Structures are given as C-alpha cells and as structure tokens.
Amino acid sequence: MDSLYAFLSQPLVLSVLLGAIPLVFIIVYALVVLYMEMKVAAHIQDRLAYMRTGWHGVLQPFADMLKLLQKEDVVPVQADQFLFRVAPYVVFAGTYAAYAVLPFSSIYVGANLNLGVFFLIAVSSLVVAGILMAGWASNNKWAIFGGLRSAAQMISYEIPTALSIVVATMIAGSLNLQDVTRFQDGGIQNWIVFGGTLPLTQKLLILPFTLITFVILFVASVAEVNRTPFDLPEAESELVQGFNTEYSGMRFAMFYLAEYANLFLVSAVAVSLFLGGWSSPFGSFLSGPVWGIFWFVMKAMVFVFMQIWIRWTLPRLRVDQLLYTSWKVLTPWLFACIVAIGFILVA
Amino acid sequence: MELYTIIFYVFAVITLGAAAIVVFSRNIVRAAFALLFAFFGVAGIYVFLLADFIAVTQLLIYVGGITVLVLFGVMLTNRQVSVDIKTGTMQTLPAVILTSALAGTLIGIFWSTDWRVTAQPLASETTASALGELLLGPYVLPFEVASMVLMVALVGAAMVARREKKPS
Numbered sequence: 442m443d444s445l446y447a448f449l450s451q452p453l454v455l456s457v458l459l460g461a462i463p464l465v466f467i468i469v470y471a472l473v474v475l476y477m478e479m480k481v482a483a484h485i486q487d488r489l490a491y492m493r494t495g496w497h498g499v500l501q502p503f504a505d506m507l508k509l510l511q512k513e514d515v516v517p518v519q520a521d522q523f524l525f526r527v528a529p530y531v532v533f534a535g536t537y538a539a540y541a542v543l544p545f546s547s548i549y550v551g552a553n554l555n556l557g558v559f560f561l562i563a564v565s566s567l568v569v570a571g572i573l574m575a576g577w578a579s580n581n582k583w584a585i586f587g588g589l590r591s592a593a594q595m596i597s598y599e600i601p602t603a604l605s606i607v608v609a610t611m612i613a614g615s616l617n618l619q620d621v622t623r624f625q626d627g628g629i630q631n632w633i634v635f636g637g638t639l640p641l642t643q644k645l646l647i648l649p650f651t652l653i654t655f656v657i658l659f660v661a662s663v664a665e666v667n668r669t670p671f672d673l674p675e676a677e678s679e680l681v682q683g684f685n686t687e688y689s690g691m692r693f694a695m696f697y698l699a700e701y702a703n704l705f706l707v708s709a710v711a712v713s714l715f716l717g718g719w720s721s722p723f724g725s726f727l728s729g730p731v732w733g734i735f736w737f738v739m740k741a742m743v744f745v746f747m748q749i750w751i752r753w754t755l756p757r758l759r760v761d762q763l764l765y766t767s768w769k770v771l772t773p774w775l776f777a778c779i780v781a782i783g784f785i786l787v788a
Numbered sequence: 018m019e020l021y022t023i024i025f026y027v028f029a030v031i032t033l034g035a036a037a038i039v040v041f042s043r044n045i046v047r048a049a050f051a052l053l054f055a056f057f058g059v060a061g062i063y064v065f066l067l068a069d070f071i072a073v074t075q076l077l078i079y080v081g082g083i084t085v086l087v088l089f090g091v092m093l094t095n096r097q098v099s100v101d102i103k104t105g106t107m108q109t110l111p112a113v114i115l116t117s118a119l120a121g122t123l124i125g126i127f128w129s130t131d132w133r134v135t136a137q138p139l140a141s142e143t144t145a146s147a148l149g150e151l152l153l154g155p156y157v158l159p160f161e162v163a164s165m166v167l168m169v170a171l172v173g174a175a176m177v178a179r180r181e182k183k184p185s
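Protein chains in written order, with the working numbering: chain A, 442 to 788; chain B, 18 to 185.
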C-alpha cells in the first residue's frame, strides 16, 4: 500500500492521473449525449427512437460503441496513408488540450494558466488543421470540399467568439477562467451576463450589452462546432458526409468524440465566462467544490441540449448567409458592445 | 534526468524533425503540415523561456492562422491542375549565400545570449499584463503604425482580389 502511495505521488504519475480526469468525463458524457441527441431528435420529429435495447433504449450507446470498436479500419489505397491515420488524433488532441483550462470546480482545473481563455482559443486552431488534414488525406473531392468549408467556417466564426470573450475579460479583468468564475461567485445576480459584480448604476447600463454579447457568443459557438443551422461542412445532400466521408471504425469514432467534446467545450466556455461557471445560482446555498462540478456540468448541459434542439428545428443556411451573419451582423454588433462597455467601465 | 529536461528535448525533437520534413519533403502539402508541427514545437520552447504570452500567440497566429492559410492556398491550387506541385532545387547560389548569412546571424545571437539554464524565480506570474502596459504606454506609436500597415495590406488585398474587369 505504501509503495502504491509512493508511486502515485510521483509528480509525473500524478499529473498524468489528474490530466486524465477530463478524458474520463468526455467518454462518459459522449455516451450520455449520444443517447440524448437521438432521443431529443426523435421526440422533436414525433418519433420514439431507440426502444428495444434496455429501458427506452438506454443501452443503445454502448451497443453503438461496441459496434464501432469491432469495425474494420479502412484506409483508401490512394489516400495519403500517414496523414489519413494521424488526422483524427490531431483533431481530438486540439479539443482535449482546450479542456486543460476549463475550471470544473473551484478546486479542479487541469492547468491554472493566467492566459487560460487565450490559450483555449489558440489551441483549438489545431482542430481546424486536423480537419484540413483529414479532408486532404482522404483523396476524395467531397472530403476536401467538406474540409475546406469546415476550416473556412471555423476561422470566420473564431472572430465573433474571441471578441465576445474579450467582453467578459474586460468586465472580470482576467483571462484566467478560474478567476473569471470566482469574480461571478455569489449568486445569479453576479453573473457577467447580468453585469457582474459592478455597482448598480453601472450594472444597469451594461446589462443590454452583455446580453447581446452572450447571444452572439452562443450563435458563434453553434457555428464553431459546425452544427445546424451552420452544418454546411457536412451538408449531406451536397457533400456526402464532409471531411470524414472516407473514415470508418475507430478513426471515425474519434472524429465523433471530438465533435461532442467540442460541443461541451463551447458550452462550458460560455458558462464559465457569462453564467458563473461552477458557482451556485443561489449564493451560498448548495455551493462548494463538489456542488461546483454539478453546477458546471448542468449549466453546460443546458446549452448542449439547446444546440441539439436547434439542430433538429432549423434548416441549414446558405454559404453567403453564413458569411453575412458572421461579418456583417455579429462582428459589428460586438465591436459596438466592446466600445460601449469600455466607456461604461471607465466612466 | 529532470522531467522538464525530457519535455524540453521532446519539443526540440518535434521542432527539428518537423523542420527537416518541411525542407526535404517533395510533397508540398506534407511540407505544409510539417510546418504546423514545427511552429507548435517552437511554441513549446517559448514556454521554457518563460514567454507564456508569446507562446500562446505563436500557436494562435502561426498554427491557427498562417499555416491554415498556407494549406488553403496549397489545397485550392494543388489538385486543380492535373500535375501535382512538387518542390525542387533552383537558384542554388543565392540561396546558399542567404541561408549562410541567416545561419551566421542566428548562431551569433545564440552564442551572445545569456540563456537561463537553471530554474530561476519568476519576475511575475504572467507576461501578458506587462506587455499590454508597454504596448499601450511607451510603444503605442509603433503599435498603431503596425496596425495601420496591416489595415492597408487588408484593404489592398481586397482591392486586388475584387478588381472588376472594365467592359471593353
């Protein structure tokens, strides 16, 4: 037992173990959201979805996972063998690296970086590179167009996302997500979406701008994860399946896992920046490190649910509408918000 | 060996290995992807130099911006023509002169710099706030000039790309 403790308390082993916590979370969450997506989709479309595997089909995600594990890993002959094999891992690594700065609770954050959210924006760009890699290496016209569309869309929508993050950073005065969350601690009235912990007059002045910013951040993050109404990269009527057309088995599963992990990531970022992260909405009631995890995951799951809801409700945009939304609507509005909030904070 | 030493060598190997692929690969797309990993490795080295803000900016600008744009350019042109674009050797003499001048400068800087080889106490937790104060204080004029240059480049690029043909 003592030797086990000695082994576990080595810095390398300890950091690997602590660093693997979000990975365990992602895998469990992926199973939940896989089931949720199918059930929500079905009920929105007046269907029942899985009913036969277990009670209301709760075992279906496990069955799907086992099926994917057993599938043959097909690599097209004409594909770029090395890049084709590496691409899913690059995509997942980019997503997972961003989890390092997510404050799951007041006592758990993978890496307490001072540049937290800036690092998060920077490292998610590996996802774009990985998607381009997958699209090109597949040696398939649909895949390459899907990859290019994905990358173009993610790059365009990074600008509104980053600008709305700037707004929250201006109010909280820190790039560290843990500090931003701590700034909002103490109940629903302290959340940045409602003006943070500023004096009352400033808060009332700032309120409309923070609300607009939050809505824009939500729209931009739906686009960032390439989901409907922004799912042009995998418009199945035009592009088969987009950049992952040629993938099968576990490599395809990696893309799926990365997509769901990204879905949680953007929701979690919105929650930590604007909705108080792990802090309880009722002040000191039900607050604490463990309840922190509960609140953080629950708040983020509400947004995951909303993204699924939107996906099965709205039709897809055209490419020109997509770019119009980003450059001519979201970005100018955000600049206006930043200027206004800057004046209010200084005055 | 110390854990940090091992991590340093991992980043060094990533940088040098990827850079070698960039130089020696005949396939331009592979070279572009290798460039991505070379930039990534350099970002890791910046962290070891306690330049956290520069490291993250390196990731954002070089990995997320420049390499992705290079890839876009290559992908939109590479498969359009039926021949694959390959890299080759040309202009050997000017290249030798330029690269040896560059290598000489870099080696000179390398020898004359006082590197931190042992752990030293941090001056401050992050360099971001100090950099921000410098950029908006003493260096505000160069900062604004640089942003004007970028703005002009942006407008110029849009102008070149959107020039409409005059009806003849």
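Think of the CB as a built atom: it goes at the ideal place given N, C-alpha and C, for glycine as much as any other residue.
Computed from a predicted model, the values in this text were never measured in an experiment.
Cα-Cα separation, residue i to residue j
i	j	result
residue 51 of chain B	residue 20 of chain B	26 Å
residue 500 of chain A	residue 149 of chain B	53 Å
residue 642 of chain A	residue 727 of chain A	29 Å
residue 666 of chain A	residue 56 of chain B	25 Å
residue 404 of chain A	residue 587 of chain A	In the structure as shown, chain A begins at 442 and stops at 788. Residue 404 of chain A is therefore absent and cannot be evaluated.
residue 507 of chain A	residue 453 of chain A	32 Å
residue 565 of chain A	residue 536 of chain A	6 Å
residue 548 of chain A	residue 170 of chain B	46 Å
residue 514 of chain A	residue 542 of chain A	33 Å
residue 777 of chain A	residue 632 of chain A	21 Å
residue 41 of chain B	residue 35 of chain B	10 Å
residue 69 of chain B	residue 63 of chain B	7 Å
residue 152 of chain B	residue 691 of chain A	48 Å
residue 510 of chain A	residue 533 of chain A	17 Å
residue 580 of chain A	residue 599 of chain A	27 Å
residue 517 of chain A	residue 681 of chain A	16 Å
residue 664 of chain A	residue 106 of chain B	43 Å
residue 89 of chain B	residue 163 of chain B	25 Å
residue 689 of chain A	residue 512 of chain A	7 Å
Contact under 7 Å by Cβ, residue i with residue j
i	j	result
residue 755 of chain A	residue 640 of chain A	no
residue 601 of chain A	residue 657 of chain A	yes
residue 713 of chain A	residue 622 of chain A	yes
residue 701 of chain A	residue 539 of chain A	no
residue 521 of chain A	residue 578 of chain A	yes
residue 798 of chain A	residue 584 of chain A	The displayed coordinates of chain A run from 442 to 788. Any statement about residue 798 of chain A would go beyond what the structure contains.
residue 91 of chain B	residue 45 of chain B	yes
residue 603 of chain A	residue 574 of chain A	no
residue 557 of chain A	residue 489 of chain A	no
residue 655 of chain A	residue 708 of chain A	no
residue 591 of chain A	residue 572 of chain A	yes
residue 724 of chain A	residue 636 of chain A	no
Best match in the options for proximity to residue i [C-alpha to C-alpha]
i	options	result
residue 31 of chain B	B:122, B:54 and B:80	B:54
residue 742 of chain A	A:711, A:725, A:449 and A:617	A:711
residue 659 of chain A	A:705, A:697 and A:505	A:705
residue 456 of chain A	A:595, A:560 and A:553	A:553
residue 23 of chain B	B:35, B:36, B:45 and B:61	B:61
residue 469 of chain A	A:482, A:502 and A:459	A:502
residue 505 of chain A	A:475, A:492 and A:486	A:475
residue 404 of chain A	A:483, A:551 and A:480	Only positions 442 to 788 of chain A appear in the structure, and residue 404 of chain A is not among them; the question remains open.
residue 187 of chain B	B:144, B:175, B:38 and B:174	Past the boundaries of the shown model lies residue 187 of chain B; chain B is included only from 18 to 185, so the question cannot be answered.
residue 65 of chain B	B:25, B:178, B:168 and B:153	B:25
residue 761 of chain A	A:464, A:511, A:594 and A:638	A:594
Helix, strand or coil at residue i [DSSP, three-state]
i	result
residue 685 of chain A	helix
residue 667 of chain A	coil
residue 722 of chain A	coil
residue 550 of chain A	strand
residue 555 of chain A	coil
residue 517 of chain A	coil
residue 544 of chain A	strand
Requested in this report: Please go through the segment 565-630 of chain A and give each complete alpha helix (DSSP H) segment of 4 or more residues, from N-terminal end onward.
Outcome: Within the segment 565-630 of chain A, the complete alpha helix (DSSP H) runs of at least 4 residues are 566-578, 582-613 and 618-624.
Query raised in the report: Which runs of the beta strand (DSSP E) fall wholly inside the segment 57-116 of chain B and span at least 3 residues, in chain order?
Result: Annotation: the segment 57-116 of chain B contains no complete segment of the beta strand (DSSP E) (minimum length 3 residues).
Requested in this report: Select from the segment 144-164 of chain B all residues with a C-beta closer than 7 Å to any C-beta belonging to chain C, and list them in chain order.
Outcome: Within the model displayed, chain C is absent; protein chains A and B are what it includes.
Requested in this report: Write down every uninterrupted run of the beta strand (DSSP E) in the segment 455-517 of chain A whose length is 3 residues or greater and which is fully enclosed by it, in chain order.
Outcome: The beta strand (DSSP E) runs lying completely inside the segment 455-517 of chain A and spanning 3 residues or more number zero.
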